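In this note's numbering, the protein residues as written are 8 to 558.
Remarks on the structure that follows.
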């Protein structure tokens, strides 16, 4: 089938779904085994290149200010005026929106400086701290507060270096570390306190920089359980003591030698942390997909190399760690990896050929894949029900409190392009419901009674979690998990983390009502201070989450 015919088939399928839409919100549902898809909004006005779930169950999204005019106007006659802007010098449209999950509504937001390919994370008090971008936004820090009617607050020249394609991570002391970026082989901290106002060299980023193609942008960064940072770029990783600026451990190169970070653009997760109260807590990282070496330059010449179908898994706390390689059911580049409340990993979005970059992806992968970390090698992957919307370069995905996964974005073009291209700019929002949300599991699904949402917790605290289950409870298959809300862009979810809380046995309190005692993580090395979604999971079926704050 020719590319034009493939493109036509995508359009026809999407039009059919839209035709069946019910109501002004354009909600529609496709049911099948292995999860279901719902189009929430056919048009939010912008392409969701960056996403962050806020603690008020609203999602902040943005693309870039130099795409040209979007499809949603700024309120009250506001305009962004920039005489150096090439696309539009006076732009009265929004390039950021706030999506209300409960109401399924969108509110335009005013961002002044260019947020293209930027980074961020939630601060311990629940604000989104968003950093860097392009041109006039590359050294800017922007703050978004989770309050009604709030808008972006921007501080220029707040960063020590230009940050474009950098990665942020929340630290145990409440600061964020900002690592790398184009032509930036260094890191810095925010907020700026004491002597920590400058940038510090990180030679590892020089060592992983390919000539002509970086392949080390948006490095995969995770806080290890010992307080050091696991940093993966290109095909290599280190354990880094950011307080001393020293490399603690150098991990072996991934066996196939292929790059996995931007623009080869695989994805990665820190697998669920368990047994948090013992003397030794193990931590494992999973890196999946990407593009073979040379794919980016080949795509520039019109040759689209098949994506990688392999994953590498490594126990980063081992004295002599080794990569264990696995094969996915689908090759995938530009895929997103998300931790689900029950500890499974969802791999979603992306393409099976090409690389990241303008027009460089081909053959969209419509089927999400589940990865079950606790299964034996060879039985960990499960292909899920497909979407009908290509989610290519600049697509996003985040976990919502109700257990669904919000999916948006896809704009593989320098400007908004809706016609005459293989993959048009995508303005829609979808929700993927994993099979645990299927109605047939309703009797197994817990409902949390206490603690109440926004509860304040302390490290090492014993907490009684009360919940109901309508059907028969299996006491041996109840767990409680905490999930950090992540900042997602360019196939990586920054600050993503899931902890399985230890505790005692389940007690019956009455008809269909139960209580399980758990102990919260013991330190900020395990769970940096801030907001988390807490879930009760019964037979792999999670409850709706509640917000908790640990400090």
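Idealized CB from N, CA, C, for every residue including glycine.
As the structure is a prediction and not an experimental result, all values here were calculated from the model.
Query raised in the report: DSSP on residue 395, reduced to helix/strand/coil?
Result: coil
Query raised in the report: In the structure shown, what three-state DSSP assignment does residue 304 receive?
Result: helix
Query raised in the report: With contact counted as at least three CB pairs below 8 Å, one residue from each stretch, are the region 469-483 and the region 499-506 in contact?
Result: no
Requested in this report: Identify whether residue 449 lies in helix, strand or coil by the three-state DSSP scheme.
Outcome: helix
Query - Stretch pair the region 218-230 + the region 258-277: three plus CB contacts closer than 8 Å - result: yes
Report task. In the DSSP assignment, find the unbroken alpha helix (DSSP H) run with residue 214 in it and report its ends. Result -> 210-214
Query raised in the report: Once you ignore the five residues that flank residue 55 on each side, which residues in its own chain have a CB closer than 6 Å to its CB?
Result: 68, 403, 415 and 416
Query raised in the report: Exposed or buried, what is residue 90 when buried is set at 16 or more other beta-carbons lying within 10 Å of its beta-carbon?
Result: exposed
Report task. Along the beta strand (DSSP E) that carries residue 230, what are the first and last residues, could you check? Result -> 227-230
Query raised in the report: Quick one, are the C-beta atoms of residue 330 and residue 419 less than 8 Å apart?
Result: no
Query raised in the report: Hey, residue 104 and residue 51 are a contact pair by Cβ (cut 8 Å); roughly how many whole angstroms apart?
Result: 6 Å
Report task. At 3 residues or longer, and completely inside the region 441-510: list those beta strand (DSSP E) runs for me, N to C. Result -> 454-457, 462-464, 469-475, 485-491, 494-496 and 499-501
Query raised in the report: Grouping DSSP H, G and I as helix and E and B as strand, with all else coil, what is residue 115?
Result: strand
Requested in this report: Take residue 134 as the anchor and find which of 60, 453, 239 and 426 has the nearest alpha-carbon.
Outcome: 60
Report task. Could you check which residue in 367, 345 and 150 has the C-alpha nearest to that of residue 305? Result -> 367
Report task. Count the other CB atoms, across all protein chains shown, that sit within 10 Å of the CB of residue 16; report buried if there are 16 or more and exposed otherwise. Result -> Residue confidence is low: residue 16 scores 41 on pLDDT, short of 50, so the model does not pin down where it sits. Its coordinate-derived value is still stated next. Classification of residue 16: exposed, given that the 10 Å Cβ count is below 16.
Query raised in the report: Quick one: Cα of residue 114 to Cα of residue 317, how far?
Result: 40 Å
Query raised in the report: Buried or exposed: which applies to residue 335, given that a residue is buried once 16 or more other Cβ atoms fall within 10 Å of its Cβ?
Result: buried
Requested in this report: Report the option in 347, 534 and 542 whose CA atom is closest to the CA atom of residue 558.
Outcome: 534
Requested in this report: Quick one: grab the DSSP three-state call for residue 30.
Outcome: The predicted model places residue 30 with a pLDDT of 34, which falls under 50 and marks its position as unreliable; any figure quoted below should be read in that light. In this structure, residue 30 counts as coil in the three-state DSSP scheme.
Query raised in the report: DSSP beta-bridge partners for residue 149?
Result: 137 and 161
Query raised in the report: Where do the N-terminal and C-terminal ends of the beta strand (DSSP E) with residue 253 fall, by residue?
Result: 253-257
Query raised in the report: Can you give the Cα-Cα distance for residue 159 and residue 494, rounded to whole angstroms?
Result: 16 Å
Query raised in the report: In angstroms, rounded to a whole number, what distance separates the CA positions of residue 175 and residue 186?
Result: 6 Å
**Report entry** Buried or exposed (CB count within 10 angstroms, at least 16 for buried), residue 385
**Finding:** exposed
Query raised in the report: In terms of residue numbering, what span does the beta strand (DSSP E) encompassing residue 402 cover?
Result: 402-406
Query raised in the report: Which same chain residues, not among the five before or five after residue 31, have their C-beta less than 6 Å away from its C-beta?
Result: For residue 31, the predicted model reports a pLDDT of 33, less than 50, meaning its position is unreliable; a value from the coordinates is still stated below. For residue 31, where only same-chain residues beyond five positions count, there are no Cβ hits under 6 Å.
Query raised in the report: How about residue 448 and residue 548: are their beta carbons less than 8 Å apart?
Result: yes
Query raised in the report: Between the Cα of residue 467 and the Cα atoms of 277, 285 and 348, which residue gives the shortest distance?
Result: 285
Query raised in the report: If you draw a straight line from the alpha carbon of residue 201 to that of residue 195, how long is it in whole angstroms?
Result: 13 Å
Query raised in the report: What's the call for residue 287, buried or exposed, on a 16-neighbour Cβ count within 10 Å?
Result: exposed
Requested in this report: With residue 128 as the anchor, note down where its beta strand (DSSP E) starts and where it stops.
Outcome: 126-129
Query - Residue from 254, 293 and 465 with nearest C-alpha to residue 387 - result: 293
Query raised in the report: Helix, strand or coil: which one does DSSP assign to residue 7?
Result: Outside the modelled stretch of the chain, which goes from 8 to 558, sits residue 7, for which no answer is possible.
Query raised in the report: Looking only at DSSP bridge pairs, what is residue 549 linked to?
Result: 544
Query raised in the report: At which residues does the beta strand (DSSP E) containing residue 193 begin and terminate?
Result: 193-197
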